[in-house]
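Numbering (our numbering), first residue to last: 4 to 342.
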């Protein structure tokens, strides 16, 4: 099932057969730029070229005009080959101003699936998630139930057994479309743990040992949780990686505040890997409480010796559009003027 879901073309075929809603796109691997141009003409522009083996925004290009297909295909395919060892591409109709909403699942490989609600991951920069929260401010209970059912079909359709995430785009009319499944535990899993009380890492081990799920269906949700990723990067210099030594570290404390990190005072952040050095998570009975706790926690966070994105998150959490919940995946570029 990991091989199927790790190949975007095979995943789309499996999800189509399982009855999961899909973004209109190419049925299989594109055979080159000319093939991409032909498929795009049938779908209508704007379209999105995506790497078959991709993730994290690598090997992805938005194409508005037929004349741009060839260059976009070459760049995306080369990037995919360098990043994943596979330059294969497929193409989808672009969904305008969508939100990125994903369903956290636990599955036993025998048809049992527990859906631990959703996470809204729409605050992104260059397709890299920065803030995740659950429940999504954009979902009503009927849509949540429909997405949970689609996530269940995705798991049973590939015989999945593990913790995983079924990711969807949500358009402005409330329609949702499958985009991919991450067959692993993701960075943002603490959000789901906080709103359900279920330890996902523990459940992975129990499932791997042949244990049973604690329940099936859609898990009841309690309150609201928000996570932001603490990255070692300099927002004032186009988010350039900022490796160095942490000279002082004092994480925030208090009710509803959680910090997941491997970093300590004196830790040397190397330049070779992901810039993520920690996660700050807050939980409250309401979204407003979770936001208030996050704002306080950000103000109390002390990380010295390296550049981080803490100040950027303070700006986001004080922004009226974010507080109202009206964000889509282009929020940072459009509202805050970031590239």
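A virtual CB, placed ideally from N, CA and C, is assigned to each residue, including glycine.
Strictly by DSSP, which residues pair up with residue i?
i	result
residue 333	None, per the DSSP bridge assignment.
residue 285	229 and 260
residue 253	305
residue 237	243
residue 123	104 and 136
residue 271	248
residue 186	Answer is none; residue 186 lacks a bridge partner.
residue 65	51
residue 180	172
residue 25	181
residue 95	28 and 51
DSSP state of residue i, grouped into three classes?
i	result
residue 110	strand
residue 342	Model confidence at residue 342 stands at a pLDDT of 48, short of 50, so the residue's coordinates are unreliable; what they give is reported in the following sentence. Residue state, collapsed to three classes: coil.
residue 158	helix
residue 1	An answer regarding residue 1 cannot be provided, because it is not within the stretch 4 to 342 covered by the chain.
residue 48	coil
residue 299	helix
residue 166	strand
residue 86	helix
residue 116	strand
residue 1	Because the chain here runs from 4 to 342, residue 1 falls outside it and cannot be looked at.
residue 201	coil
residue 128	strand
residue 310	coil
residue 20	helix
residue 318	helix
residue 3	Since the displayed the chain opens at 4 and closes at 342, residue 3 lies outside it and no answer follows.
residue 191	coil
residue 149	helix
residue 208	helix
residue 265	coil
residue 326	helix
residue 37	helix
residue 10	coil
residue 217	coil
residue 143	coil
residue 4	coil
residue 56	coil
Roughly how far, in whole angstroms, is the beta-carbon of residue i from the beta-carbon of residue j, given that I think they are within contact range, below 8 Å?
i	j	result
residue 290	residue 227	4 Å
residue 120	residue 222	6 Å
residue 320	residue 297	6 Å
residue 330	residue 126	6 Å
residue 52	residue 94	6 Å
residue 308	residue 250	3 Å
residue 73	residue 48	Wrong, their Cβ atoms sit about 14 Å apart, outside the cutoff.
residue 237	residue 245	5 Å
residue 3	residue 231	The structure shown has nothing for residue 3, since the chain only spans 4 to 342.
residue 170	residue 103	7 Å
Below 8 Å between beta carbons: does that hold for residue i and residue j?
i	j	result
residue 136	residue 229	yes
residue 160	residue 17	yes
residue 157	residue 21	yes
residue 105	residue 122	yes
residue 180	residue 172	yes
residue 83	residue 54	yes
residue 79	residue 62	yes
residue 234	residue 280	yes
residue 166	residue 216	no
residue 153	residue 266	no
residue 46	residue 96	yes
residue 92	residue 39	yes
residue 186	residue 4	yes
residue 118	residue 141	no
residue 285	residue 300	yes
residue 262	residue 254	yes
residue 15	residue 28	yes
residue 199	residue 184	no
residue 116	residue 219	yes
residue 124	residue 191	yes
residue 252	residue 268	yes
residue 100	residue 175	yes
residue 259	residue 287	yes
residue 98	residue 26	yes
residue 138	residue 208	no
Taking Cβ positions only, does residue i come closer than 8 Å to chain B?
i	result
residue 66	Judged by its chain identifiers, the structure shown contains no chain B, having just a single protein chain.
Would you say the beta carbon of residue i comes nearer than 7 Å to a heavy atom of the ligand ADP?
i	result
residue 230	Among the ligands in the structure shown, none appear at all, so the ligand ADP cannot be discussed.
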